[in-house]
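Q: The listed protein sequences correspond, in order, to chains E and R. Residues 1 to 228 (the working numbering) make up the first sequence, in order. Residues 1001 to 1192 (the working numbering) make up the second sequence, in order. Yeah, the Cβ is synthetic: ideal placement off N, Cα and C, and Gly gets one too. The structure under discussion is supplied below as structure tokens; questions concerning it will follow.
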Amino acid sequence: MAEDFPAELAHVLDASDARARDLAWSAFVNAYSRLLLHVARQVGRDYDMAMDAYAHILEQLRGDDCHRLRRFAADGRSKFTTWLVVVARRLCLDYLRQRYGRARRNGGDSGGGRAVRRCLEDSLSERVDLATVPDVGALGPEGELIAVEESKALAAALAGLNPRDRLLLTLRFEDDLSAREIGALLAYPTPFHVYRRISTLLASLRAGLAPRRHQESEPPPLNRSSER
Amino acid sequence: MTHHGLRDPHLEAGLVAAYVDGSVGTADAAKVEAHLALCSQCRQELIEVRRLLPVTARRWRWQAVAALAAAAVLLLMVGRPGGPRVSDRSSIRGGGHPEPLAPVLTPAEGARVRGGAVRFVWHSVPGSAAYRITLTDERGDVVWTTESADTSVTPATTIHVRGGHLYYWSVDVLLRDGRSTTTGFHSFRVAP
């Protein structure tokens, strides 16, 4: 995106001598210090930590003949400010990890969308007649097998969704984001559109899984043939 | 797409930024979304970057595209009586802005239209099998939807759009190889 290539960045990258580099760097810092401080304050836990992280960002951006900034110049798919926020946040996190150790994460990886599956399983069970569902606990190993099969069926149904829909369900049920935030991330015009899409997806998953549930609630045909 | 190495399988910074800006192509967007659906670390990064940015970059981008398209339509309509034809639309494509998604022509983003005169026009997409047009109201309720092989369509007269209200429309492009792409949602307001 050539139109998003800022003059301050161009001057830093094109400076021919040390004095020109210093002047260009000062102008660059003036232009972007507010944004970088904002990132550092959000990532650092207190004032001192944030200021250390800010200094680290500047040092890393300027280090090695501005090789990080040159990477943007070579790529340039996004707006510079968006790219700068991503890179500054990563630098902050690296710095804080080096200095204070790795923070304990709340979630960890999705593990194939366990939370989404759990939510969908709950949602499905609300709509199935309990009398038709075998008591999994009472069925012992057979019940466990049914539960595993159901979970596999749900995983397969989720895998069959397109990536955007899978991400939508993950943001809603795994990350617990509001419809407004999801709308901003995935470019839905209003939260209502997010709700509608989620409802449509849940309905189609339910429709796809309901026949399987009915089949499983019937006695297995293999048992009948073995009794003969 | 991701860092090529066993140690760091996450999305590159440039790709995350481009996704937030809405400037990745359809194929890359699908790959990014597939990765994000499984990687909580990259998802968290996306969420926090979006929170750190003050404006909806993606929306601005769409407005710029819509304004560009509207200007192109205006030029064509002034230049040739009878309005845009299919060949006109392909010449607009040839004019070549780098938008990777399927762009719309009219109603442009934020346009104000007369209730009885809503006509939807969008660019043709190479390899398309059909287009699905969806019109929703402010609450996201689907007011009207239809499929078309053409790149313009007018709702039946029985479809009632209310004066003074905001509506959203989108076109899903179904490709012959089974994939699909979309214009995303665009808003217009019906004149009171």
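1) Looking only at its own chain, which residues have a Cβ that is under 7 Å from the Cβ of arginine 62 of chain E, when we skip the five neighbours before and after it?
2) From the DSSP output, in three-state form, read off valine 1024 of chain R for me.
3) Return no unless some Cβ of chain R is closer than 8 Å to the Cβ of glutamine 60 of chain E.
4) Could you please give me the residues that DSSP links to phenylalanine 80 of chain E through a beta bridge?
5) Give me the DSSP bridge partner(s) of valine 1142 of chain R.
6) Short check: CB of leucine 1175 of chain R to CB of glycine 1127 of chain R, under 8 Å?
7) Under a three-way DSSP split, which group does serine 178 of chain E fall into?
8) According to DSSP, simplified to helix, strand and coil, what is valine 1161 of chain R?
9) So arginine 1139 of chain R and phenylalanine 192 of chain E are supposed to be a Cβ contact under 8 Å. How far apart are they, rounded?
10) Where does histidine 941 of chain R land, buried or exposed, given buried means 16+ other C-beta within 10 angstroms?
11) By the three-class DSSP mapping on this structure, what secondary structure does phenylalanine 1185 of chain R have?
12) Is alanine 147 of chain E close to chain R? Criterion is C-beta to C-beta, closer than 8 Å.
13) Taking only beta carbons into account, state which residues of the region 20-51 of chain E come closer than 9 Å to chain R, listed in chain order.
14) 8 Å is my cut-off, CB to CB: does leucine 1052 of chain R come that close to chain E?
15) If we cut at 8 Å on Cβ distances, does aspartate 1021 of chain R have a partner in chain E?
16) Quick one: what's tryptophan 1228 of chain R bridged to in DSSP?
17) At which residue ranges does the region 145-203 of chain E contain complete alpha helix (DSSP H) runs of 4 or more residues, listed in the order of the chain?
18) Pairing CB atoms from the region 62-73 of chain E with CB atoms from the region 46-53 of chain E, are three or more of them under 8 Å?
19) For glycine 1163 of chain R, count neighbouring C-beta atoms within 10 Å of its own C-beta (all shown protein chains included) and say buried if the count is 16 or more, exposed if not.
20) Please state whether DSSP places phenylalanine 1120 of chain R in a helix, a strand or coil.
21) Output needed in chain order: residues of the region 185-203 of chain E with a Cβ under 9 Å from some Cβ in chain R.
22) By Cβ distance, which residues of its chain are closer than 8 Å to glycine 112 of chain E, with the 5 residues on each side in sequence left out?
23) With burial defined as no fewer than 16 other Cβ atoms inside 10 Å of the residue's Cβ, what is the status of valine 1032 of chain R: buried or exposed?
24) At the level of alpha carbons, what is the spacing between phenylalanine 80 of chain E and cysteine 66 of chain E?
25) Can you name, in chain order, every residue of its own chain whose Cβ lies under 7 Å from the Cβ of aspartate 165 of chain E, other than the five neighbours on each side?
A: On the basis of the supplied data:
1) Same-chain partners within the cutoff: Trp25.
2) coil
3) no
4) Beta-bridge analysis with DSSP links phenylalanine 80 of chain E to no other residue.
5) DSSP lists R/Thr1136 as partners of valine 1142 of chain R.
6) Cβ distance < 8 Å, so leucine 1175 of chain R and glycine 1127 of chain R count as in contact.
7) coil
8) coil
9) 5 Å
10) With chain R represented from 1001 up to 1192, any question about residue 941 of chain R goes unanswered, as that position is not in the structure.
11) coil
12) no
13) Leu35, His38, Val39, Gln42, Val43
14) yes
15) yes
16) In this structure chain R extends from 1001 to 1192, so residue 1228 of chain R is not present and cannot be described.
17) 163-169, 179-186
18) Judged by Cβ distances under 8 Å, the region 62-73 of chain E makes no contact with the region 46-53 of chain E, as fewer than three pairs qualify.
19) exposed
20) strand
21) Leu185, Leu186, Ala187, Tyr188, Pro189, Thr190, Pro191, Phe192, His193, Val194, Tyr195, Arg196, Arg197
22) Because the pLDDT of glycine 112 of chain E is 49, which lies under 50, any placement of that residue in the model is unreliable, and the number read from its coordinates should be weighed accordingly. Contacts found: Ala155.
23) buried
24) 15 Å
25) Excluding residues within five positions, the ones whose Cβ falls inside 7 Å are Leu201.
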